[in-house]
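Number of protein chains: 2
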Amino acid sequence: MSLPFLSVVLVAPRNPLNIGAAARAMKNFGCEDLRLVDAYEVAFREARSAVGASSVLQSAREYRDVAAAVADSTLVIGTTSLGNRQMNHPLLRLDQTATLVTQHAGRVALLFGSEKFGLSVADMSHCHWLLRIPTIDQDLSMNLGQAVAVCLYEFARDPKAAAAPLLIRRAAADSAQTEQIAARLLEIMRITGYTNPTVETSTENKTRRMVRRFALTAADARVCLGVLRQTLWKLRQKAE
Amino acid sequence: MSLPFLSVVLVAPRNPLNIGAAARAMKNFGCEDLRLVDAYEVAFREARSAVGASSVLQSAREYRDVAAAVADSTLVIGTTSLGNRQMNHPLLRLDQTATLVTQHAGRVALLFGSEKFGLSVADMSHCHWLLRIPTIDQDLSMNLGQAVAVCLYEFARDPKAAAAPLLIRRAAADSAQTEQIAARLLEIMRITGYTNPTVETSTENKTRRMVRRFALTAADARVCLGVLRQTLWKLRQKAE
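These protein sequences, in sequence, are chains B and R.
Going by our numbering, the first residue of the first sequence is number 38, and it counts up by one from there.
Going by our numbering, the first residue of the second sequence is number 38, and it counts up by one from there.
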């Protein structure tokens, strides 16, 4: 899913590498609208002229203040690493916000503060609510580019993505193959003296279950059968 | 949630900034076990000696090959940006993998290839399956630090995190306050001649609904009431 309704607003960014990293993350997740407020002029120029600067960076716009940058947005969200500040806004964890953001009717602006200080109280006063990435240590803020990437990933991910059962798309071995593998394995176990004759039935069942746990593909089963056949042939030759 | 069961394995990383960024993302999400395979010596040294290098970086271990780096892991996952390569492994989208990873009984190794080439076919042969971050453009690979951050975020996020109804934790205005606001607003509309007397009832209802949509807090309601009272006072003074 791309994110055409979303604007990323960097407030007072200082490091050109971070501006470039934010733009790259945006490109990755199909978000094209980058806005800068009070960007350190040199940083912006450097980021823009960097080799491989993306279209996102090329078309980024500068605004004189937060109010101007979010004027066309109907939902404004501030990001925060919380720290010890007194919050005057509702604060949501990123993993709770996807529906609020992706189903919002209108433009959404997502604000990131400067690398050192985050968003100011004045910046936050333009926000409807604040968002926190659920990191372990609230005192260790995230790298700006990584924070942008993680937020956009959350909005772009499929909320209905089920825990995938690990689908092996290739044809699975059928029971005949599986059984043949177990049989040859047991034969090898007998010839080599691995099997204790008094518990032979128990060994048979254990082996049969083990081979099924391998969840072999049809192609893998053919390889296994070949190896086992060759091994048996050699073992019988030796036994003669 | 921290990720003590997870090892991040960087295969042939070349850029010290990327190694540092990966380590920082790990620190953010409580994953402490960084492993390097065939790291460019200078890059590793530089990353380690960088100002603010984290404990993750300090305790990172080097391995001679992928086999050694994942020897103690019972689930090995390779990351890929897919591209045009022929895949010989099951491939899952990151947003489908959290349960498989977090509920795995044993150590999980997550492999990231070099910035330029990704994981080799030989590297991938150590993997149980591959994982792809659902970006828009499969040809534009993700920045290494950002890819690590996004993966760890997915594993650390709360899979049951419901779409949060936007809880305002502060006391909401009660209906008496809301009604008083609507009443004063209507009074102002009448005095200023805003209201058309023929549709006055309709205006009343619209205004009442509008004030409720504001979802005011009790404190905000008091401010609004004060402003409205003062406005009314001034308006009536003028009218005299």
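Beta carbons: idealized from backbone N, C-alpha and C, even for Gly.
As the structure is a computational prediction, the values presented were derived from the model and not from experiment.
Extent of the continuous beta strand (DSSP E) run through residue i
i	result
A146 (chain B)	145–149
R101 (chain B)	Neither: R101 (chain B) is in no beta strand (DSSP E) and is coded neither H nor E.
D70 (chain B)	70–74
L167 (chain B)	166–169
R130 (chain R)	128–130
S44 (chain R)	43–48
Close-in-space but distant-in-sequence residues of the same chain around residue i (CB under 6 Å, 5 per side omitted)
i	result
D70 (chain R)	S44
L265 (chain R)	R221
D75 (chain R)	A49
R245 (chain B)	A219
E99 (chain B)	L73
T240 (chain R)	T232
V103 (chain B)	V74, D160, H163
F251 (chain R)	none
Cβ neighbour criterion (16 or more within 10 Å) applied to residue i
i	result
S151 (chain B)	buried
L112 (chain B)	buried
K64 (chain B)	buried
W166 (chain B)	buried
F66 (chain R)	buried
Q140 (chain B)	exposed
S178 (chain R)	buried
G182 (chain R)	buried
M161 (chain B)	buried
T172 (chain R)	buried
V248 (chain R)	buried
V185 (chain R)	buried
V158 (chain R)	exposed
A62 (chain R)	buried
A142 (chain R)	exposed
A105 (chain R)	exposed
Sequence-distant residues of the same chain with beta carbon closer than 8 Å to residue i, five excluded per side
i	result
C188 (chain B)	T116, L131, L147, L168, I170
L253 (chain B)	A209, A210, Q214, T215, I218, C261
A60 (chain R)	L71, A84, A90, S91, V93, L94, A97
A135 (chain B)	E191, F192, R194, P196
R273 (chain R)	I228
L129 (chain B)	L137, W166, L167, L168, R169
T225 (chain R)	Before going further, note that residue 225 (chain R) is Ile rather than Thr in the sequence given. Y231, L265, T268, L269, L272, listed in sequence order.
N180 (chain B)	N55, A58
L223 (chain B)	T232, T240, E241, T244
Per-residue contacts from residue i into chain B (C-beta, under 7 Å)
i	result
I173 (chain R)	S39, N65, F66, G67
Own chain, CB closer than 7 Å to residue i, minus 5 neighbours either side, in chain order
i	result
A80 (chain R)	P50, R51, N52, P53, I56
V107 (chain R)	V46, V113, A146, H163
F42 (chain B)	R144, V145
D109 (chain B)	R144
L156 (chain B)	V48, G115, T117, L148, G150
L40 (chain R)	F66, G67, C68, L189, F192, A193
Where the alpha helix (DSSP H) through residue i begins and ends
i	result
T117 (chain B)	Here T117 (chain B) belongs to no alpha helix (DSSP H), and DSSP marks it neither H nor E.
L137 (chain R)	135–139
V248 (chain B)	237–250
S92 (chain R)	92–95
R227 (chain R)	212–228
L181 (chain B)	181–193
N55 (chain B)	53–65
D160 (chain R)	158–161
V107 (chain B)	Here V107 (chain B) belongs to no alpha helix (DSSP H), and DSSP marks it neither H nor E.
A84 (chain B)	78–86
Partner residues on chain R for residue i, Cβ-Cβ distance less than 9 Å
i	result
G182 (chain B)	A58, N180, G182, Q183, A186
R194 (chain B)	R130, L131, D132, P171, E191
Partners in chain B for residue i, counting only beta-carbon separations shorter than 8 Å
i	result
A62 (chain R)	M179, N180, Q183
Contacts of residue i in chain R (Cβ-Cβ under 8 Å)
i	result
A198 (chain B)	R130, D132, Q133
Below-8 Å beta-carbon distance, residue i vs any chain C residue
i	result
L253 (chain B)	The question asks about chain C, but that chain is absent: this structure's protein chains are B and R.
Where the region 146–158 of chain R meets chain B: residues whose CB sits under 7 Å from a CB there: none
Tell me which residues of the region 209–239 of chain R have at least one Cβ-Cβ distance to chain B shorter than 9 Å, keeping chain order. Under the 9 Å Cβ criterion, the region 209–239 of chain R contributes no residue.
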